[in-house]
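Engineer:
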Ligand SMILES: [Zn+2]
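In my numbering, the protein residues as written are 75 to 310.
1) Which one or two residues does DSSP pair with residue 98 in a beta bridge?
2) Say yes only if the C-beta of residue 97 is nearer than 8 Å to one or more non-hydrogen atoms of ligand 1, and no if none qualify.
3) May I ask whether a heavy atom of ligand 2 can be found less than 8 Å away from the beta carbon of residue 183?
4) Keeping to the same chain, check which residues put their C-beta closer than 6 Å to that of residue 160; ignore five residues upstream and five downstream.
5) Whose CA, out of 210, 199, 215 and 227, lies closest to the CA of residue 237?
6) Which residues does DSSP pair with residue 84 in a beta bridge?
7) Inspect the beta-carbon positions of residue 314 and residue 196 and report whether they are closer than 9 Å.
8) For residue 197, which residues does DSSP report across the bridge?
9) Determine the closest residue to residue 206 out of 128, 263, 80 and 259, with distance taken between C-alpha atoms.
10) How would you label residue 89, buried or exposed, when you count the other beta carbons within 10 angstroms and need 16 or more for buried?
11) Answer yes or no: do residue 254 and residue 276 have a C-beta to C-beta separation smaller than 9 Å?
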């Protein structure tokens with residue numbers, strides 16, 4: 075195989091904690107710990123999203139045996155269950171929060187978001203109302219993409235450089251607004267971008283679920299060649 079495309083695997087978690095029987099992809103704390111322990115044992119370098127962007131800016135390849143850890147939605151379990159485990163391993167991570175949901179039942183409060191930000195977690199936007207971007211009318215894009223950034227920045231007192239599109243959905247217009255708003259990069263899911271080029275405003279992520287308790291499957295996902303093992307679907 076001649077054109078092996080290596081990508082730094084960016085892991086996309088949702089809830090880490092107890093199973094609630096809802097639609098949210100959940101990983102138990104036990105499996106999460108086991109996965110981080112595996113990364114540590116294989117001497118993986120856990121990078122921040124800013125490190126990946128820096129490699130892109132400088133036109134140099136990202137290091138092998140590296141990965142990035144991200145969480146969508148900002149569940150209260152991210153603060154209560156995942157954060158302590160990350161701290162124990164000294165791994166950085168990014169949490170994408172939705173201002174319209176912060177403090178609601180099941181979600182982290184602003185105080186908890188600020189606490190994580192002050193402790194070195196990167197906080198990103200996940201739009202204002204967890205809206206599926208392709209269905210958002212043009213005149214509301216700024217609210218979802220720009221106001222969410224400003225709202226989070228005002229709360230945490232730090233710039234917000236990253237956004238993740240809910241359910242991975244985006245459009246070229248949304249990407250333009252995101253770029254103009256000053257975001258450095260945007261994350262989607264693994265459904266998007268069948269192109270080989272890395273688009274910094276549609277960075278693919280690999281969804282991690284409880285099924286990845288099988289460390290062999292997890293190892294394939296963190297190999298950086300995961301796309302070779304799956305069929306890319308069209309962007310949603
Ligand atoms: Zn989400």
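Ideal Cβ positions, reconstructed from N, Cα and C, are used throughout, including at glycine.
Structural biologist: Inspection of the coordinates gives the following:
1) Answer is none; residue 98 lacks a bridge partner.
2) no
3) In terms of ligand content, the structure shown lacks ligand 2 and carries ligand 1 instead.
4) 167
5) 199
6) 142
7) Missing from the structure shown is residue 314; the chain here goes from 75 to 310 and no further.
8) 169
9) 263
10) buried
11) no
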